[in-house]
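End of the sequence shown = 165 in this note's numbering, gap-free, step of one.
Below is one structure, written out as structure tokens; comments come after it.
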Amino acid sequence: MSFTVVPASYVYLLTDRRVLLQQRRNTGYMDGLWVAGAAGHIETQETAAACAIREAAEELGITIRVEDLQPLTVMQRTDGTDSAIDQRVDWFFAARSWHGTPTVMEPAKCAGIAWFDLDDLPTPIPSYEREVLNGIATGCLPMLTHHGFGPPA
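Structural data, given as structure tokens:
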């Protein structure tokens, strides 16, 4: 069976052992959860890195240069159903350098942003993002990750 893959990019702003997260609201999808500081779907003819940079500007009002993006992992994930919307590929990036002060630019969709220690993260966080954040914290994050699939065949 063929399906459509939904691609997205995520950006974690990092300083020492702290990460900037945003709390979603009024979107109808994962409202109330703490998620990456900036994230969104990759648009037609847009690279994953360009999406990360665009989303950081749109959601946080900051400028990130492509050379300041550190690729963390690419995650294929599913909820185990045959639904096309539940087949995703996510590019996760870190940025330790940017221009501007992170600010909530979309208050209708974001209840707030806050810095958290990687060893003391808030709840709730989507399980797939917690996997990435745990990998950042431990320094053990493979370049390719999977979430929601059964054990390897």
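The beta-carbon is built from N, C-alpha and C at its ideal position, and this holds for glycine as well.
Query                                                                                                                           : Result
For Q35 and W46, believed in contact at Cβ under 8 Å, the rounded distance                                                      : 5 Å
Contacts around R100, its chain only, beta-carbon distance under 6 Å, and the 5 residues preceding and following it disregarded : V18 and R89
contact_flag[the region 36-44, the region 73-91] where n(CB pairs < 8 Å) is 3 or more                                           : no
Pair within 9 Å by beta-carbon distance, V78 and G49                                                                            : no
Local conformation of Y41 per DSSP, three classes                                                                               : coil
Among L25, S139, G52 and L33, nearest to H159 - alpha-carbon criterion                                                          : S139
Inside the region 46-115 only - beta strand (DSSP E) runs reaching at least 3 residues                                          : 46-48, 50-53, 81-90 and 99-107
N- and C-terminal bounds of the beta strand (DSSP E) containing G151                                                            : Per DSSP, G151 belongs to no beta strand (DSSP E) and is neither H nor E.
Short Cβ contact (9 Å threshold) for W103 with A64                                                                              : yes
Candidates T59, L81, L26 and A120: closest to N38 by CA position                                                                : A120
Buried or exposed by the 16-neighbour rule on C-beta atoms within 10 Å, applied to A126                                         : exposed
According to DSSP, residues forming a beta bridge with R30                                                                      : T27 and D129
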